[in-house]
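J.: Each step along the sequence shown adds one to the number in this note's numbering, with nothing skipped, and position 589 is 649.
We put the CB at the ideal spot given by N, CA and C, even for glycine.
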Amino acid sequence: MDDLCFSEYIPSKRIRITDEFWREKTALVRKEVIPYQYEALHDRIDGAEKSYCVENFIKASKIAEKIRRGEEVPVYPTDKWCYDENNSPAEAFHGWVFQDSDVYKWIEAVGFSLIVRPDAELEKKAKDLIRLICSAQLPDGYLDTLFIINDRSARFSNLKDWHELYCFGHLAEAAVSFYNATSDRALLDAACRFADLISDTFGPDKIKGYPGHEIAEMALVKLYDITKNEKYLQTAAFFIEERGKKPYYYDTVLGKETVYDNYHYNQAHRQPKFQYEAVGHAVRGVYLYSGMADIAKRCRDEELYDACLRLSDNIINKKMYITGGIGATVDGEAFSFDYDLPDDLAYSETCASIGLIFFLRRMLEISPDARLADAAERALYNTVLAGMALDGKSFFYVNPLEVLPEASEKDSRKRHIKAVRQKWFGCACCPPNLARLISSVSEYIFTENENTLFIHQYIGCSANTDNAEIDVASSYLTDGKLEIKIKPVRRFTLALRIPSWCKSYSFSGDCEIKDGYAYFNIEKGCCLKVSFELKTRLIKCSNKVRANTGRVAVTRGPFVYCLEETDNGKELQMLKISKTPGFLYENGFITADGFREKEDTSLYSEWTEGDYEKTRLKFIPYYRWANRGENEMSVYVRIE
Ligand SMILES: [Zn+2]
Numbered sequence: 061m062d063d064l065c066f067s068e069y070i071p072s073k074r075i076r077i078t079d080e081f082w083r084e085k086t087a088l089v090r091k092e093v094i095p096y097q098y099e100a101l102h103d104r105i106d107g108a109e110k111s112y113c114v115e116n117f118i119k120a121s122k123i124a125e126k127i128r129r130g131e132e133v134p135v136y137p138t139d140k141w142c143y144d145e146n147n148s149p150a151e152a153f154h155g156w157v158f159q160d161s162d163v164y165k166w167i168e169a170v171g172f173s174l175i176v177r178p179d180a181e182l183e184k185k186a187k188d189l190i191r192l193i194c195s196a197q198l199p200d201g202y203l204d205t206l207f208i209i210n211d212r213s214a215r216f217s218n219l220k221d222w223h224e225l226y227c228f229g230h231l232a233e234a235a236v237s238f239y240n241a242t243s244d245r246a247l248l249d250a251a252c253r254f255a256d257l258i259s260d261t262f263g264p265d266k267i268k269g270y271p272g273h274e275i276a277e278m279a280l281v282k283l284y285d286i287t288k289n290e291k292y293l294q295t296a297a298f299f300i301e302e303r304g305k306k307p308y309y310y311d312t313v314l315g316k317e318t319v320y321d322n323y324h325y326n327q328a329h330r331q332p333k334f335q336y337e338a339v340g341h342a343v344r345g346v347y348l349y350s351g352m353a354d355i356a357k358r359c360r361d362e363e364l365y366d367a368c369l370r371l372s373d374n375i376i377n378k379k380m381y382i383t384g385g386i387g388a389t390v391d392g393e394a395f396s397f398d399y400d401l402p403d404d405l406a407y408s409e410t411c412a413s414i415g416l417i418f419f420l421r422r423m424l425e426i427s428p429d430a431r432l433a434d435a436a437e438r439a440l441y442n443t444v445l446a447g448m449a450l451d452g453k454s455f456f457y458v459n460p461l462e463v464l465p466e467a468s469e470k471d472s473r474k475r476h477i478k479a480v481r482q483k484w485f486g487c488a489c490c491p492p493n494l495a496r497l498i499s500s501v502s503e504y505i506f507t508e509n510e511n512t513l514f515i516h517q518y519i520g521c522s523a524n525t526d527n528a529e530i531d532v533a534s535s536y537l538t539d540g541k542l543e544i545k546i547k548p549v550r551r552f553t554l555a556l557r558i559p560s561w562c563k564s565y566s567f568s569g570d571c572e573i574k575d576g577y578a579y580f581n582i583e584k585g586c587c588l589k590v591s592f593e594l595k596t597r598l599i600k601c602s603n604k605v606r607a608n609t610g611r612v613a614v615t616r617g618p619f620v621y622c623l624e625e626t627d628n629g630k631e632l633q634m635l636k637i638s639k640t641p642g643f644l645y646e647n648g649f650i651t652a653d654g655f656r657e658k659e660d661t662s663l664y665s666e667w668t669e670g671d672y673e674k675t676r677l678k679f680i681p682y683y684r685w686a687n688r689g690e691n692e693m694s695v696y697v698r699i700e
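Have a look at this one:
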């Protein structure tokens with residue numbers, strides 16, 4: 061791996077976003093999402109499913125206090141995925157097994173948000189919550205409210221299903237984010253105490269287990285990066301090395317043969333270094349791959365890096381929707397087989413695209429490759445943004461590319477597809493994940509090393525990097541233009557990604573093009589003018605994607621567009637776009653020449669050329685869909 065161009069991402073502390081588009085999104089998270097989630101964690105929202113989050117920490121804190129005083133504590137069963145008032149005593153744990161993670165994701169988002177904009181009141185709320193969390197930690201460092209409240213002796217007994225190491229991962233990520241924002245060590249110290257316990261419990265000469273739902277791997281690396289405690293890096297590497305070894309750990313511990321396919325579900329079917337295809341639960345997959353890339357980089361593990369390359373290739377070239385969505389099937393919320401990308405059955409979870417962005421940024425830190433940054437851009441501007449309503453008040457878990465509201469209501473195979481965003485979910489993984497990604501979006505713009513500064517994503521900002529002070533003025537999303545003011549600290553190379561959607565571009569300075577990046581030698585202060593030709597385009601799928609033969613999608617820059625019933629009437633399948641569409645781009649919308657086929661109610665009849673009337677089709681950016689009430693939507697449209 062010595063010939064690779066390693067670099068580090070630039071933390072959000074050193075970047076100020078000036079871009080109108082993204083300032084609006086981060087403000088929405090700050091003003092709408094974070095306060096709403098805080099109320100949800102406290103179960104103070106009328107009509108919403110209870111989260112029990114804070115309630116569990118209060119119960120766990122009381123138990124921890126009793127344990128410290130040497131008093132007897134009760135035992136309740138730990139045998140369910142979800143506990144509520146009907147199946148559990150009032151004093152026992154309530155909620156999903158991974159409920160604690162919602163609190164941690166909220167704190168992580170708050171940490172990132174405080175960096176963007178300090179807020180004493182919000183910081184105090186987070187610190188109060190952190191005090192409560194720390195008070196629930198057991199003397200040996202253990203911290204998971206389900207097992208603290210219900211049964212201390214059952215901890216780590218079912219790593220496959222019970223999510224303790226998953227909750228730990230989110231705890232560590234929250235701790236790192238909040239420490240970076242405030243220098244307050246309370247949660248970081250708690251996370252390290254739990255990480256110490258985990259490192260003392262799992263390892264080559266200890267318990268040879270690994271997380272059922274991955275994330276602890278990348279979280280331990282984050283703790284290692286801050287503390288430089290090698291133990292955390294070794295434990296993360298151990299989890300990855302041990303995964304998928306035979307005999308299967310879960311079989312030996314759970315005392316039963318688990319069906320082979322279940323191992324694909326959590327990517328434990330073979331050791332990660334030997335994996336070549338993205339399979340199983342998509343969020344778990346990309347969280348694992350992120351951890352693999354982290355370890356490959358820090359341990360210079362070539363075998364693991366090669367696996368990461370194979371997996372990213374497989375996702376980008378065979379398993380990713382045009383919207384950057386991944387996980388095509390609801391069955392296991394999982395990756396399907398190659399080229400199986402159904403539009404109206406898609407799972408395409410918001411969290412999976414967020415995890416994909418985590419993975420791709422880590423791959424870019426090992427070696428710059430514009431295809432990876434392109435895929436991250438695709439996920440960010442389409443599936444991730446579609447996950448949140450324009451007012452920041454409701455969310456999609458699932459992001460289909462075609463919706464018929466009647467089918468969502470009446471067809472049980474499509475029950476996961478919602479035609480309108482939901483306020484909140486009992487199993488609320490996506491909204492807090494969105495909050496943390498959008499609040500930290502600046503961390504996906506740059507990476508740098510001692511001689512090169514890379515710009516992977518074009519978001520207007522001012523940044524203080526090791527190589528230069530840099531000011532990016534961007535109208536990238538509307539006209540493809542950038543003005544980059546550079547005050548170098550030393551001679552260095554600036555590398556700009558050339559977006560894959562751009563066929564023609566110009567720069568105001570001389571450059572060399574390699575792997576999709578333009579490299580400029582920077583010796584003194586300058587202003588680089590960049591223009592990426594932004595054209596509306598018709599895009600087709602590989603003809604191996606059965607769902608979309610004879611159909612096209614409309615794109616402009618990073619945005620994928622879609623048709624909605626509100627603009628185009630019902631029965632979107634009757635529309636066709638012209639081969640010479642005469643695109644007109646106006647105020648963010650695109651119109652095009654097309655046709656509407658006359659309705660034909662005879663179920664079968666002899667084929668004749670259809671009867672069409674001319675119409676003008678109106679497309680809106682995919683991320684803006686479902687903001688005007690329930691209606692039909694389709695990304696793909698038949699072509700004349
Ligand atoms: Zn989710």
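Please write down, chain order preserved, every residue whose beta carbon lies under 7 Å from a heavy atom of ligand 1.
T.: Listed along the chain, these residues meet the criterion: V343, E409, T410, C411, Y457, C489, C490, N493.
J.: Per the DSSP calculation, T553 is bridged to which residue(s)?
T.: T512, N581.
J.: Which value, in whole angstroms, describes the spacing of the CA atoms of I190 and I167?
T.: About 8 Å.
J.: Nearest-angstrom Cα distance between S111 and A100?
T.: Spanning the two alpha carbons is a distance of roughly 7 Å.
J.: Leaving out the 5 sequence neighbours to the left and right, which residues in its chain are closer than 6 Å to T525 when beta-carbon positions are compared?
T.: Result list for T525: I70, E508, L513, in chain order.
J.: How would you label A180, buried or exposed, when you count the other beta carbons within 10 angstroms and need 16 or more for buried?
T.: Exposed, by the Cβ-count rule.
J.: Kindly indicate the opening and closing residues of the beta strand (DSSP E) around L598.
T.: From DSSP, the beta strand (DSSP E) with L598 extends over 596-599.
J.: Take E466 as the anchor and find which of N459, T261, R475 has the nearest alpha-carbon.
T.: Nearest of N459, T261, R475 to E466, Cα basis: R475.
J.: Please confirm whether R215 and F228 have their CB atoms less than 8 Å apart.
T.: Not a contact, by the Cβ cut-off of 8 Å.
J.: Thinking just about the alpha-carbon of each residue, which of R550, Y457, M634, V176 is nearest to the one in G387?
T.: Considering only alpha carbons, the answer is Y457.
J.: Just the Cα atoms here: how many angstroms apart are I375 and R128?
T.: Answer to the nearest angstrom: the Cα atoms are 49 Å apart.
J.: If you count every other CB in all the chains shown that lies within 10 Å of the CB of R438, and 16 or more means buried, which is it?
T.: That one is buried.
J.: Using a Cβ-Cβ cutoff of less than 6 Å, which residues in the same chain neighbour H273 once the five nearest sequence positions on both sides are dropped?
T.: If we look at H273 and ignore the five residues flanking it on each side, its Cβ neighbours are H223, Y226, R344.
J.: Can you tell me which of S522, C490, S72, L623 puts its alpha carbon nearest to the alpha carbon of F238?
T.: The residue with the shortest Cα to Cα distance from F238 is S72.
J.: Going by other Cβ atoms of all chains shown within 10 Å of its Cβ, with 16 needed for buried, is R557 buried or exposed?
T.: Burial call: buried.
J.: Indicate whether the contact test is met: 3 or more Cβ pairs, each with one atom in the stretch 297-306 and one in the stretch 353-370, closer than 8 Å.
T.: A contact exists between the stretch 297-306 and the stretch 353-370.
J.: With the cut-off set at 8 Å, would you say R656 and Y682 are in Cβ contact?
T.: Not in contact: R656 and Y682 (Cβ atoms no closer than 8 Å).
J.: Using only CA atoms, which one of T242, C562, I498, E233 lies nearest to L537?
T.: Residue C562 is the option with its Cα nearest to L537.
J.: Should L542 and Y518 be called a contact, given that it needs their Cβ atoms to be closer than 8 Å?
T.: Going by C-beta atoms, L542 is nearer than 8 Å to Y518.
J.: I'd like the span of the alpha helix (DSSP H) that includes F679, first residue to last.
T.: Segment 672-681 is the beta strand (DSSP E) holding F679; no alpha helix (DSSP H) there.
J.: Would K636 be called buried (16 or more neighbouring beta carbons within 10 Å of its own) or exposed?
T.: With 16 or more other Cβ atoms within 10 Å, it is buried.
J.: Using three-state DSSP, classify S694 as helix, strand or coil.
T.: Reduced to three states, the DSSP call for S694 is strand.
J.: When DSSP labels each residue in this structure, what does K658 get in the three-state scheme?
T.: Reduced to three states, the DSSP call for K658 is coil.
J.: Beta-carbon within less than 7 Å of L445's beta-carbon, same chain only, minus the 5 sequence neighbours each way: which residues are those?
T.: These residues qualify, in order along the chain: Y683.
J.: May I ask you to verify whether the stretch 648-666 touches the stretch 623-640, counting CB pairs closer than 8 Å and requiring at least 3?
T.: Contact between the stretch 648-666 and the stretch 623-640 is present, because at least three Cβ pairs lie under 8 Å.
J.: Taking DSSP's pairing of strands, which residues face T507 in a bridge?
T.: According to DSSP, T507 bridges with Y69, F514.
J.: With burial defined as no fewer than 16 other Cβ atoms inside 10 Å of the residue's Cβ, what is the status of Y664: buried or exposed?
T.: It is exposed - the Cβ of Y664 has fewer than 16 other Cβ atoms within 10 Å.
J.: So is G610 buried or exposed if we call it buried at 16+ other beta carbons inside 10 Å?
T.: The residue is exposed, with fewer than 16 neighbouring Cβ atoms inside 10 Å.
J.: Nearest to A296 by alpha carbon, out of D311, F262, Y310?
T.: Residue F262 is the option with its Cα nearest to A296.
J.: The beta strand (DSSP E) spanning A533 covers which residue range?
T.: Taken as a continuous stretch (DSSP letters only), the beta strand (DSSP E) holding A533 covers 528-535.
J.: How about T410 and C521: do their beta carbons lie closer than 8 Å?
T.: Contact: no.
J.: When you compare the CB positions of L623 and M693, do they come within less than 8 Å of one another, or not?
T.: Yes, these two residues count as a Cβ contact at 8 Å.
J.: With a threshold of 7 Å (Cβ to nearest heavy atom), would A152 be considered close to ligand 3?
T.: Ligand 3 is absent from the structure shown, which contains only ligand 1.
J.: For P559, is the classification buried or exposed, using 16 other Cβ atoms within 10 angstroms of its Cβ as the cut-off for buried?
T.: So P559 ends up on the buried side.
J.: What residue range does the beta strand (DSSP E) around K589 cover?
T.: K589 -> beta strand (DSSP E) spans 586-592.
J.: Between which two residues does the alpha helix (DSSP H) harbouring L219 extend?
T.: From DSSP, L219 is part of no alpha helix (DSSP H); its letter is neither H nor E.
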